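So the structure is just underneath, and the comments pick up after that.
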Amino acid sequence: MTDTRTLTPPATATASAGLSIRDAVMELGDGDTRVRALDGVSLDVAPGEFVAIVGPSGSGKSSLLAVAGALATPDSGQVSIHGQDLGQLSRARRADFRLHTIGFVFQSGNLIPALTAADQLRLVNKLAGGPRSFDPTELLAAVGMAGKAKNRPGQLSGGERQRVGIARALVTRPSVLLVDEPTAALDRARSHEVVGLLAEQSREFGVATVMVTHDHGVLEHCDRVLEMTDGRLTASV
Ligand SMILES: Nc1ncnc2c1ncn2[C@@H]1O[C@H](COP(=O)(O)OP(=O)(O)OP(=O)(O)O)[C@@H](O)[C@H]1O
Ligand SMILES: [Mg+2]
């Protein structure tokens with residue numbers, strides 16, 4: 581089967597694969613509220629690598645994900661995915677690139693209440709112009725949710741919603757997966773299940789994954805742990 585969404589590096593690509601952030605600086609707010617959310621952050625995440633970011637509230641973790649996911653543009657510095665400099669893309673092309681190349685998983689799963697688990701995945705496939713023959717079953721099975729394909733979010737547990745959120749983020753076979761606090765609403769067993777699944781899927785699909793978490797109990801699943809403090813990133817001890 582030909583999959584038109586298979587990611588081929590764009591013409592302007594360099595050899596670097598995965599996610600690369602160079603010296604990103606971003607200030608937010610104005611006047612008295614102005615704060616340097618990112619103060620010279622550099623980060624490389626290789627395909628298949630699973631990196632965790634920990635650090636205090638307000639240290640800039642979500643800001644880093646926003647910049648990595650082309651949801652925010654740094655004031656200076658560079659973000660590239662598969663060698664494509666996001667700053668070189670027009671607004672429209674950046675949105676398109678985001679849709680096809682980047683997956684997001686949020687704290688609550690962020691599912692659409694009226695849609696079944698299968699339809700959450702079908703919708704993303706459709707929005708991304710994926711194949712008409714798309715069958716969500718395989719991805720739902722990969723996250724252990726094939727049996728709940730017809731359930732709506734209100735008919736799923738917190739951990740199950742999170743697993744559907746992960747499957748949905750993988751529909752476009754993204755190069756980069758950005759995950760903000762995926763276990764905040766989950767108990768210990770479910771947290772391990774969800775983060776273990778993220779690790780497994782990152783490796784299996786060769787996705788460069790960055791997960792922000794406060795949950796030190798799940799760090800064993802990650803290849804690398806970095807700490808964010810006052811907009812700066814350091815290796816965690
Ligand atoms: N729109 C905004 N305007 C002004 N300041 C902002 C804005 N958004 C975030 N900030 C500030 O930027 C800094 C970084 O915020 P960010 O959301 O990245 O932190 P975080 O590490 O994700 O925190 P948390 O763990 O609480 O989610 C904080 O000081 C925050 O108050
Ligand atoms: Mg945050």
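Sequential numbering from 581 applies to the sequence shown in our numbering.
Ideal Cβ positions, reconstructed from N, Cα and C, are used throughout, including at glycine.
Here the structure is a predicted model, which is why all the values come from computation and not from measurement.
Query, Result
"For T696, the residue or residues it bridges with in DSSP", "BP columns for T696 are empty, so no partner."
"Where S600 sits in the DSSP three-state scheme", "strand"
"Distance, G727 Cα to P654 Cα", "42 Å"
"Residues sharing a beta bridge with E807, DSSP", "V634, T814"
"T681 - containing alpha helix (DSSP H), residue span", "671-681"
"DSSP three-state assignment for E740, whether helix, strand or coil", "helix"
"Opening and closing residue of the beta strand (DSSP E) in which V615 lies", "615-625"
"Alpha helix (DSSP H) segment containing L720, residue limits", "717-722"
"Rounded straight-line distance, which links the Cα of D603 to that of L807", "Strictly speaking, residue 807 in this sequence is Glu, with Leu absent from that position. The alpha-carbon atoms of E807 and D603 are separated by roughly 16 Å."
"Which listed residue (A650, G683, S656) has its alpha carbon closest to that of A672", "A650"
"Cβ pair count under 8 Å reaching 3, the region 788-798 against the region 744-758", "yes"
"Helix, strand or coil at S643 according to DSSP, with G and I counted as helix", "helix"
"DSSP three-state assignment for Q668, whether helix, strand or coil", "helix"
"Where V751 sits in the DSSP three-state scheme", "coil"
"Where D760 falls: helix, strand or coil (DSSP)", "strand"
"Of the listed residues G710, A698, G724, nearest to P716 (C-alpha basis)", "A698"
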